[in-house]
Every structure is written in C-alpha cells, then in structure tokens.
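In numbering that gives the first Met the number 0, the protein residues as written are 0 to 289. Note that CB positions come from ideal geometry on N, CA and C, so glycine has one too. Heads up: the structure comes next, in structure tokens.
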Amino acid sequence: MAHRIAGMRAVQAHRDLGIDRTRYVPVHRALGTAGVLGMARPMPRLFGVYFAPLDNGPAVLLNANLSAITQRHTAAHELGHHLFGHHTAADDDLDPALRRAGAKWPEEEKLAEAFAAWFLMPRPAVQAGLLRICRGTSLGPEHVYRLAQELGTSYAGTVRHLDHLRMLAPGQAGSWQKITPAALRRSLTGAELPAGRQVHVLTEASHQQQVHADVGDVLLAHVPAASFTALPTGLSCWHGTPVTCPALEVTDALAEPAQLKIAAAGRTAPVEVTVIRESPRHGIDQVWPD
0 MAHRIAGMRA VQAHRDLGID RTRYVPVHRA LGTAGVLGMA RPMPRLFGVY FAPLDNGPAV
60 LLNANLSAIT QRHTAAHELG HHLFGHHTAA DDDLDPALRR AGAKWPEEEK LAEAFAAWFL
120 MPRPAVQAGL LRICRGTSLG PEHVYRLAQE LGTSYAGTVR HLDHLRMLAP GQAGSWQKIT
180 PAALRRSLTG AELPAGRQVH VLTEASHQQQ VHADVGDVLL AHVPAASFTA LPTGLSCWHG
240 TPVTCPALEV TDALAEPAQL KIAAAGRTAP VEVTVIRESP RHGIDQVWPD
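Below, the structure written as structure tokens:
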C-alpha cells in the first residue's frame with residue numbers, strides 16, 4: 000500500500016517540480032524548487048532530519064559524510080516527508096536490509112522510503128536506461144548495476160525497485176541482492192576497486208548522455224576501436240584494469256561538467272558524453288553543485 004501511494008505521489012511531484020521523468024533526477028535541485036532549505040553537515044549517527052513548518056521548516060539536514068548515492072536517497076526520503084505533510088523526523092535507518100528482523104517501521108517512514116525509490120527511479124527513466132544498457136540482451140545483475148549508476152541509486156535499491164515494477168522474474172530479486180556491488184565492479188573491470196568507487200560503462204548508446212560520477216570512479220569505453228580525442232581537465236587515463244577497452248578515472252580536478260569525446264570505428268562523429276561530478280553536498284543549499 001505504501002508503494003502504491005508513494006508511486007502516485009512521486010508522479011505528481013515530478014510534474015509539480017518540473018522533473019524530466021526519462022532521465023537522472025536532480026533531487027537536491029528538487030528540494031529547492033519545493034521550497035525546502037537544504038543543509039548538510041557531518042553527523043555521526045543520523046542519515047538526515049526533516050524539519051516540518053511547525054518547527055521553523057521546511058528544511059532538510061543531511062549527513063555530509065554519506066556517499067553521494069546514499070545522500071541522494073536520504074534527500075529524496077526527506078522530500079517525501081515534506082510532500083506528505085509529515086511531522087519533523089530524524090532518520091537513522093533508511094535501508095530495510097539493515098533493519099532488525101521483526102522491527103516495526105512507522106507508517107510515515109514507510110511512505111517516505113517508498114517515495115524515495117519512486118522519485119529517484121521513475122518508470123520511464125528505468126525503461127530508457129535499460130533500453131540503452133541491455134541492447135536486446137537478457138537483463139542481468141551487471142545491467143542493473145549499470146542502471147543504478149545512470150540513476151544515481153544503490154544497486155540493492157535498484158534491484159528492489161525493479162521487483163516492485165515487476166520487471167524481474169519471481170525469485171530474481173532475492174538472488175541478485177546477494178551479489179555484492181564489489182563483485183559486479185570486479186566483473187566489469189577485472190580489478191579490485193577501493194570501497195566507494197563506482198564503474199560507469201560508456202557505449203555508443205551513451206551519446207549525448209550525462210554521467211554523474213565522483214572522484215575515483217572509473218569510466219570504461221565499451222565502443223568499437225575506442226579512443227579519446229582529448230582528455231578534459233579532471234579525467235585521466237586509468238591503468239588499473241586488465242580489460243582491453245580504454246578507461247578513465249575521475250580526479251579531484253573535475254570541478255565543472257566535462258565534455259568527453261570518444262572516437263569509434265564506423266562513426267563519422269565521436270560519441271559525446273558529459274561527465275558531471277556528483278560530490279556529497281556540504282553547507283547550505285546555495286553552495287551545493289547541481
């Protein structure tokens with residue numbers, strides 16, 4: 000029931016906040032559009048806090064120590080509290096997989112959590128991403144991992160949402176959630192990556208798409224006879240993989256969106272991709288990058 004209600008509210012929110020439902024959802028910008036003050040600071044035990052209008056809100060306080068993906072999910076969760084008109088809420092457990100067996104979650108938390116999934120992963124964006132990624136092949140765990148990177152969501156959360164969308168066969172969600180993101184990154188690169196680093200696979204279908212990455216992330220060019228025509232500031236060659244395709248690493252020098260061009264066999268024009276740094280937010284909303 001929570002997912003049915005949250006799914007409908009997310010569609011309304013996309014419409015009201017001017018969100019393109021076919022692509023990556025800019026959740027931090029959505030908070031501002033909704034009139035919610037956004038702030039981020041290090042917090043040892045909390046994911047985030049929603050302050051209702053009765054408590055000098057609406058405002059959202061996020062944990063600045065979270066990864067970009069976790070912070071995006073937390074921001075969407077707190078936005079859900081706001082749009083449902085909930086009371087002030089402090090959230091210290093936003094992952095159902097981490098919850099103690101048998102513990103009850105308040106109804107408001109169920110709605111906000113379900114809203115976060117439907118808001119960050121609209122059905123049209125999921126369908127468009129899988130069309131680019133699968134290219135006529137059967138859906139597998141690596142495809143789901145790649146979709147999660149396109150949408151800025153966690154692998155486990157994306158598996159759960161695909162199950163809610165009824166895009167998985169019975170039992171697939173349970174078995175695929177047992178696969179770790181580290182194993183999928185290793186499968187894509189052939190190498191062990193430090194915790195927190197992600198892999199973004201670029202293909203010809205990535206042309207004119209955006210890649211939201213962070214420092215240390217790896218970009219793999221799965222393009223026939225690929226070569227980079229030039230390396231923008233903030234992207235450097237990565238040699239930590241035994242795979243044969245060209246690979247880049249995002250560095251701390253990436254401040255502004257970078258236009259990456261990949262020459263490919265059989266193409267008269269290069270594959271063009273915009274790489275955007277998706278760093279965790281700090282401070283108040285005016286200084287958060289979009």
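- Taking 3 residues as the minimum length, the beta strand (DSSP E) runs contained wholly in the segment 7-84 are 36-40, 47-50, 58-62, in order along the chain.
- Separation of the CB atoms of L129 and H142 is rounded to 7 Å, and the pair is thereby assigned contact status at 8 Å.
- Here A172 really is in contact with R159; their C-beta atoms are around 6 Å apart, less than 8 Å.
- The Cβ neighbour count for S153, taken over all protein chains shown within 10 Å, is at least 16; the residue is labelled buried.
- If you check the CB distance, H76 and A113 do not come in under 7 Å.
- Comparing C-alpha distances from H85 to each of Q70, R71, D91, E106 shows the shortest one belongs to E106.
- For H211, the beta-bridge partners assigned by DSSP are I275.
- Its chain contains A67, D213, V214, P288 as the residues whose beta carbon lies nearer than 8 Å to that of S278, once the 5 sequence neighbours on both sides are disregarded; these appear in chain order.
- In this model, G282 and M38 are separated by some 6 Å (Cα to Cα).
- According to the DSSP assignment, V249 belongs to the beta strand (DSSP E) that extends over 246-249.
- With a cut-off of 8 Å on Cβ pairs, the segment 115-132 is in contact with the segment 18-30, counting three or more such pairs.
- Residues L61, P279 of the same chain have their beta carbon placed closer than 6 Å to that of Q70, with the five preceding and five following residues left out of the count.
- By the neighbour-count criterion, in which 16 or more other beta carbons inside 10 Å mark a residue as buried, S137 falls on the exposed side.
- Taking 7 Å as the cut-off, the beta carbon of D90 is found closer than this to the beta carbon of F46.
- At the C-beta level, A9 and W117 come within 7 Å of one another.
- The three-state reading of DSSP puts H221 in coil, since its state is none of H, G, I, E or B.
- For Q258, the enclosing beta strand (DSSP E) has its first and last residue at 257-262.
- Cα atoms of R134 and Q11: separation of roughly 31 Å, rounded to the nearest angstrom.
- Ranked by Cα distance from A229, the options L219, T250, A262 are led by A262.
- D91: not part of any beta strand (DSSP E); DSSP gives it neither H nor E.
- When beta bridges are read from the DSSP output, A229 appears opposite K260.
- Contact between Q258 and E248 fails: their C-beta atoms lie close to 17 Å from each other, not under 8 Å.
- In chain order, V200, T202, C244 place their CB closer than 6 Å to the CB of H221, counting only its own chain and leaving out the 5 sequence neighbours on each side.
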